[in-house]
Amino acid sequence: MSRAGYVRYELLRTVRNRRLLAFSLGFPLVLYFAIAAPNRGVGDLGGSGISAPVYFMAGLATFGAMNAVLGAGGRIAAERSLGWNRLLRLTPLDARTYFQAKLVTAYALALVTIGLLYVAGAALGVRLGAGSWVAMTGLMLVGLIPFAGLAVLIGHLVGSDAVGPAIGGTTALLAFLGGVWFPITGGVLHAIAEALPSYWLVQASRVGTGGDGWSATGWIVVAAWSVGTALAAGAAYRRDTAREHA
Amino acid sequence: MDADERPPGVLLRGLRKAYPSPAGPIEAVRDLDLAIEIGETVALLGPNGAGKSTTLDLLLGLQQPDAGTARVLALEPRVAVAAGRVGAMLQTGGLLRDLTVAELLAMIASLYPAPRAVGETLALTGLEDLAHRRTQKLSGGQAQRVRLAVALVGDPELLVLDEPTVGMDVEARREFWATVRALAAAGRTILFATHYLQEADAFADRVVLLAHGRVVADGSPSEVKSRVGLRTIRATLPGVPGVRLEALAGVTRAERRGDTIELSCTDSDAAIRALLAELPAARDIEITGAVLEEAFLHLTSEDAPERVA
């Protein structure tokens, strides 16, 4: 069995899906210019000590990457409703290769989204050292692991008719509570935010722009969410493939 | 190993499977035994609800039996599938979009240890002209051929086809069976479920008839037909009601098409004597052996579906 061959075709069909690319890559870009461009002169956004173009570049890179990875759940649900997963069960495809193909595709989309936001940020005057770009990207990729688990979980739990609202709602809620749209600085909301993977994804995106990265709490929260969503995703996958009368 | 001791291609022993329903569990498969030798082409027949799809699901490992065992090429079904030794074409299921036909086949081929070349698979299924077409732009019949190609590209030893020609036109059906015949000639074991009885009659070495989750007949198409012992009497006979015809000795069923009557007979000798004695106006009389459809109706209508207490 050629695992690489299978993953390559999965990637190829994602790249061929123009609407997916347009929405997945275009949306964060459009939002970024709509929000950051009118505020490009704001040097200290909401007491965060960060300029508006930097703040929203990080926020929308987070939002775009989250969207890109969670979108895998929508594609899984669509393939399930097509009966494609039932067909795959009659081939020697193993679960590892199946997940690998889904994750490589999701991460590829996330990386392109992040890269495009960087370019857009640079266009609005964001200037960072090479080390900063690399550090924030690396930490974000780690911070996306819980979202990959969440995508597989939702994809195997929810039907294709409900997966849109399920993923849209999850993304909106996590983005809002994680501080994508405005800084969450204190109170109960901050305490909730700190327990969410989206908050730490936002922190990861600030590493290059004066952020401190992840505290011990951050690593623990991300690790816990990664393990939790991976276990739940595995259970949902097994339940789904074992289901009778599929 | 002696040739006679080869493991069977498919071996089902005492297979049982029930589904819950509000009125109590319904047994889809009840104590089913079936052995298929390597290289055989077998048709699985039966009315809706006879247990055909459940039987195929059990032998493909898509469902687990409540009791009994299923072995494919002497292996657990899931193991045989994981080893790439089984290919299947199911009744439902779309094709993955955004790939060409050739790319989709290459994607599936990449999962098998020793796949058939994509080009060869395309030629075998008559898809060369469509190799570079995206899967979402195929007609229903074309998509059906691609589904067969997907089942064949792994070069499996056992091929399972569930109602493979549904939705195909006459020409597509002819080409489809030509492909399957070539595979059978190459020594592949083929099991297909169908409700087109003439396909079973024409293409299967062996016919297995299911009713109410059990095998009710098993043999070559001519054996199954003769086992039933049905013959048909046709005659021109206007104006006689069907009830009267069905009351004739040896007749099980009477049908009228215009002035022509058709009598299904368990004892055609008694029936023809009775017909000529009671209705001498009958003319243009023909007596023929049963077609598979009559055997099918006769064998599957004997007992009503039962529920488990």
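Just so you know, the protein sequences line up as chains A and B, in that order. In terms of the numbering used here, the first sequence opens at residue 1 and continues consecutively. In terms of the numbering used here, the second sequence opens at residue 247 and continues consecutively. Note that CB positions come from ideal geometry on N, CA and C, so glycine has one too. In this text, all values refer to a predicted model and were calculated from it rather than measured experimentally.
Span of the beta strand (DSSP E) around residue i
{"i": "B:Arg502", "result": "497–503"}
{"i": "B:Lys571", "result": "A question about residue 571 of chain B goes unanswered here, because the residues of chain B that appear run from 247 up to 555."}
{"i": "B:Ala457", "result": "452–457"}
{"i": "B:Glu532", "result": "529–535"}
{"i": "B:Asp344", "result": "Counting along the chain, B:Asp344 falls outside any beta strand (DSSP E), and DSSP gives it neither H nor E."}
{"i": "B:Thr478", "result": "477–482"}
{"i": "B:Tyr265", "result": "256–265"}
{"i": "B:Glu524", "result": "No beta strand (DSSP E) contains B:Glu524, which is instead part of the alpha helix (DSSP H) from 514–524."}
{"i": "A:Val42", "result": "First-last for A:Val42: undefined, no H or E at that position."}
{"i": "B:Val332", "result": "332–335"}
{"i": "B:Thr460", "result": "The sequence shown places Arg at residue 460 of chain B, rather than the Thr named in the question. 460–465 is the span of the beta strand (DSSP E), which, as asked, contains B:Arg460."}
{"i": "B:Ser510", "result": "506–511"}
Amino acids of chain A, ordered along the chain, whose beta-carbon sits closer than 8 angstroms to that of residue i
{"i": "B:Ile354", "result": "Thr91"}
{"i": "B:Val332", "result": "Leu90"}
{"i": "B:Gly245", "result": "Since the displayed chain B opens at 247 and closes at 555, residue 245 of chain B lies outside it and no answer follows."}
{"i": "B:Gly400", "result": "Thr91, Pro92"}
{"i": "B:Leu336", "result": "Gly83, Arg86, Leu87, Leu90"}
{"i": "B:Leu306", "result": "Leu90"}
Environment of residue i [buried if 16+ CB atoms lie within 10 Å]
{"i": "A:Phe182", "result": "exposed"}
{"i": "B:Ile531", "result": "exposed"}
{"i": "A:Tyr9", "result": "buried"}
{"i": "B:Gly504", "result": "exposed"}
{"i": "B:Ile518", "result": "buried"}
{"i": "A:Gly46", "result": "exposed"}
{"i": "A:Gly43", "result": "exposed"}
{"i": "B:His544", "result": "buried"}
{"i": "B:Phe438", "result": "buried"}
{"i": "A:Leu231", "result": "exposed"}
{"i": "B:Asp401", "result": "buried"}
{"i": "A:Thr185", "result": "exposed"}
{"i": "B:Val497", "result": "buried"}
{"i": "B:Val554", "result": "Per-residue confidence for B:Val554 stands at a pLDDT of 36, beneath the threshold of 50, marking its modelled position as unreliable; the derived number appears in the next sentence. It counts as exposed."}
{"i": "A:Val134", "result": "exposed"}
{"i": "A:Ser24", "result": "buried"}
{"i": "B:Asn294", "result": "exposed"}
{"i": "B:Glu374", "result": "exposed"}
{"i": "B:Arg317", "result": "buried"}
Collapsed DSSP secondary structure at residue i in the structure displayed
{"i": "B:Val412", "result": "coil"}
{"i": "B:Val288", "result": "strand"}
{"i": "A:Val126", "result": "coil"}
{"i": "A:Gly71", "result": "helix"}
{"i": "A:Ile184", "result": "coil"}
{"i": "B:Asp447", "result": "helix"}
{"i": "A:Thr229", "result": "helix"}
{"i": "A:Ile50", "result": "coil"}
{"i": "A:Ala191", "result": "helix"}
{"i": "B:Asp375", "result": "helix"}
{"i": "B:Ala274", "result": "strand"}
{"i": "A:Ser160", "result": "coil"}
{"i": "B:Asp279", "result": "strand"}
{"i": "A:Leu88", "result": "helix"}
{"i": "B:Arg380", "result": "strand"}
{"i": "A:Arg93", "result": "Looking at the sequence provided, one finds Leu at residue 93 of chain A rather than Arg. Three-state DSSP puts A:Leu93 in coil, outside helix and strand."}
{"i": "B:Leu308", "result": "coil"}
Cross-chain neighbours of residue i in chain A, by beta carbon under 7 angstroms
{"i": "B:Asp344", "result": "Arg13, Arg16, Asn17"}
{"i": "B:Val461", "result": "By Cβ distance, chain A contributes nothing, its closest Cβ being about 22 angstroms from B:Val461, past 7 angstroms."}
{"i": "B:Val318", "result": "Neighbours of B:Val318 on chain A: none; closest Cβ ~12 angstroms, over 7 angstroms."}
Residue interval of the alpha helix (DSSP H) (run including residue i)
{"i": "A:Glu10", "result": "3–16"}
{"i": "B:Ile492", "result": "Reading the sequence as shown, one finds Glu at residue 492 of chain B and not Ile. That run of the alpha helix (DSSP H) goes 488–492."}
{"i": "A:Ala175", "result": "163–178"}
{"i": "B:Gly577", "result": "Outside the modelled stretch of chain B, which goes from 247 to 555, sits residue 577 of chain B, for which no answer is possible."}
{"i": "A:Leu157", "result": "145–157"}
{"i": "B:Leu368", "result": "364–370"}
{"i": "B:Asp387", "result": "Checking the sequence, you will find Gly at residue 387 of chain B rather than Asp. It spans 386–398 - the alpha helix (DSSP H) in which B:Gly387 sits, taken as one unbroken run."}
Proximal chain B residues relative to residue i, where beta-carbon distance stays under 9 angstroms
{"i": "A:Trp84", "result": "Gly339, Gly340, Leu341, Leu342"}
Residue i: contacting residues in chain B (beta-carbon distance under 8 angstroms)
{"i": "A:Leu79", "result": "Before going further, note that residue 79 of chain A is Glu rather than Leu in the sequence given. Those within 8 angstroms of A:Glu79 in chain B are Leu342."}
{"i": "A:Tyr6", "result": "Met353, Ser356, Leu357"}
Under 7 angstroms by beta carbon: chain B residues contacting residue i
{"i": "A:Ser2", "result": "Ser356"}
{"i": "A:Glu139", "result": "Reading off the sequence shown, one finds Leu at residue 139 of chain A, where the question assumed Glu. Chain B residues near A:Leu139: none, gap ~32 angstroms exceeds 7 angstroms."}
Contacts of residue i in chain A (Cβ-Cβ under 9 angstroms)
{"i": "B:Glu349", "result": "Tyr9, Leu12, Arg13"}
{"i": "B:Leu214", "result": "Limits of chain B in this structure are 247 at one end and 555 at the other, which puts residue 214 of chain B out of reach."}
{"i": "B:Val327", "result": "Arg89, Leu90, Thr91, Pro92"}
inquiry  = At 3 residues or longer, what runs of the beta strand (DSSP E) sit wholly inside the segment 416–444 of chain B?
reply    = Counting whole runs of 3 or more residues, the segment 416–444 of chain B contains the beta strand (DSSP E) stretches 435–439.
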